[in-house]
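Using mature numbering (1 follows the signal peptide of the UniProt record, and there is no 0), the letters of the sequence shown correspond one by one to residues -27 to -1, 1 to 232.
We treat Cβ as the ideally placed atom computed from N, Cα and C, and that holds for glycine.
Quick caveat, the model's predicted, so the values are computed rather than measured.
Working notes, structure below.
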Amino acid sequence: MKRLTPLLTLLSGAMTAAVLFTMSAQASPPGTQPVAGGGPPAAAPSAEADAEADVDAEVPTEEESADLDDERPGVTSPPTDPDASSAGTEVASVEQNWIGELENGATIAISVKDGKAEAYVCDGQSMELWLSGTVKDGKIELTGEDAKLSGVIRGDSASGEMVVGVRRWKFTARPDDTAPEDAVVKSGSGTAAAIYRVTDETRKAGFDGGWIMLPDGTQIGIVTWNGTPITAPPLDPAFNSTMVNGLTITAEPVIPGAR
């Protein structure tokens, strides 16, 4: 027994050492374990390299960019409203004198200022009408005694229809472009009046009448005396007056919105 004691002690120490070695190997992290074959472990690809590879793969070449531009639909402007230009003209071009004719040959003058309008229609013999109303966004709406006039102003032209009782006449008119320095004898654009009417005092005396100053310097009008219309004599441009049957009658400019 004494001879076996040292041997048992040696075996016991060897077993203890083996157990400790095994436990130490299991406790070590996987990265520190030796790789079979003895070579060093391969390095993992970096995140920056992966990102650069993805960017290079996504950036198209010049030829691919050209193809993409050809396939991309072009930018188009929104469609314009075909009726947008059919509305009335700007206020600055509307507010002036408009002179023209009706289908029946009568002369019409429309004076526009600050959205208000006055019109006079006469044939120089027996027919005459006074109308008043508004011009808004180029649309003309006027009324008179048993009469109505409606129309529209587009560019340098005014057109529409006048209704008197059951009768209807179309009309057209254009701007009066007479120079302001000729305003003494003619109707002028913006400053000179195109329409004149006898004064209130003269009307109280039994006279009425109106005149249209035409761009060529002539006048057309009617004077009514005791209910009888006659062709109006021309007004004296210096005094806005004329003689009818030996009597002096005075007229004044018709200004929209003044009465």
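Alpha carbon of P107 to alpha carbon of E225, nearest angstrom:
Per the sequence shown, residue 107 should be read as Thr rather than Pro. In this structure, the straight-line span from the alpha carbon of T107 to that of E225 is close to 21 Å.
I'd like the list of long-range same chain contacts for S132, defined as Cβ closer than 8 Å, with 5 residues on each side in sequence excluded.
Within the same chain, S132 has close Cβ partners G124, V125, K143, F144, T145 and A146.
First through last residue of the beta strand (DSSP E) which encompasses D181
For D181, the enclosing beta strand (DSSP E) stretches over residues F180 to M186.
Just curious, the beta strand (DSSP E) that residue 239 is in, first and last residue?
The chain is shown only over -27 to 232; residue 239 falls outside these bounds and no answer can be derived.
Quick one: using the 10 Å Cβ neighbour count with 16 as the cut-off for buried, is A79 buried or exposed?
Buried, because 16 or more other Cβ atoms sit within 10 Å of the Cβ of A79.
Give the DSSP-derived three-state secondary structure of E118 in the structure shown.
The answer is coil: DSSP assigns E118 none of H, G, I, E or B.
Report yes if the CB atom of P148 is closer than 8 Å to the CB atom of Q69, and no otherwise.
For the 8 Å CB-CB criterion, P148 and Q69 form a contact.
Among the candidates G219, T223 and P206, whose CA atom is the shortest distance from the CA of F212?
The shortest C-alpha to C-alpha distance from F212 to any of G219, T223 and P206 is the one to T223.
Which residue marks the beginning of the beta strand (DSSP E) containing T197, and which one marks its end?
Judged by DSSP secondary structure, T197 falls within the beta strand (DSSP E) whose first and last residues are Q192 to W198.
Going by beta-carbon coordinates alone, are G73 and I81 separated by less than 8 Å?
The answer is yes: Cβ separation under 8 Å.
Of the listed residues E91, A205 and T191, nearest to L220 (C-alpha basis)
The option with the nearest alpha carbon to L220 is A205.
To which residues does DSSP link F144 through a beta bridge?
DSSP, once it has assigned bridges, lists L75 and G133 as partnering F144.
Spatial neighbours of G138 within its chain, please: C-beta separation below 7 Å, excluding the five flanking residues on both sides.
Answer for G138: D119, listed in chain order.
Is the distance from the Cβ of I185 to the Cβ of A167 below 8 Å?
In this structure, A167 lies closer than 8 Å to I185 by Cβ.
Applying the 10 Å Cβ sphere with the 16-neighbour rule, what's the burial state of R170?
The Cβ neighbour count for R170, taken over all protein chains shown within 10 Å, is at least 16; the residue is labelled buried.
Give the secondary structure of E68 by DSSP, where H, G and I count as helix, E and B as strand, and everything else as coil.
Correct three-state label for E68: coil.
Can you give me the Cβ contacts of I203 inside the same chain, cut-off strictly under 6 Å, excluding the 5 residues immediately before and after it?
Excluding residues within five positions, the ones whose Cβ falls inside 6 Å are V196.
Only counting the same chain, and skipping five residues up and downstream in sequence, which positions put a Cβ closer than 6 Å to that of D96?
Only A79 meet the Cβ criterion.
Unbroken beta strand (DSSP E) run spanning T201, endpoints:
For T201, the enclosing beta strand (DSSP E) has its first and last residue at T201 to T204.
C-beta atoms of E91 and S105 nearer than 8 Å:
In this structure, S105 lies closer than 8 Å to E91 by Cβ.
On the premise that E101 lies in contact with G183, defined as a C-beta separation below 8 Å, what is that separation, rounded to the nearest angstrom?
That pair is a contact at about 6 Å.
Tell me whether the beta-carbon of V227 lies closer than 8 Å to the beta-carbon of F180.
Not closer than 8 Å, so no.
Note the first and the last residue of the continuous alpha helix (DSSP H) segment covering T175.
First-last of the alpha helix (DSSP H) with T175: D173 to K177.
Beta-carbon proximity of P207 to K86, cut-off 8 Å
Taking the C-beta atoms as reference points, K86 is found no nearer than 8 Å to P207.
Measure the Cβ-Cβ separation of V67 and G117 and say whether it is below 8 Å.
No, Cβ-Cβ distance for V67 and G117 is not below 8 Å.
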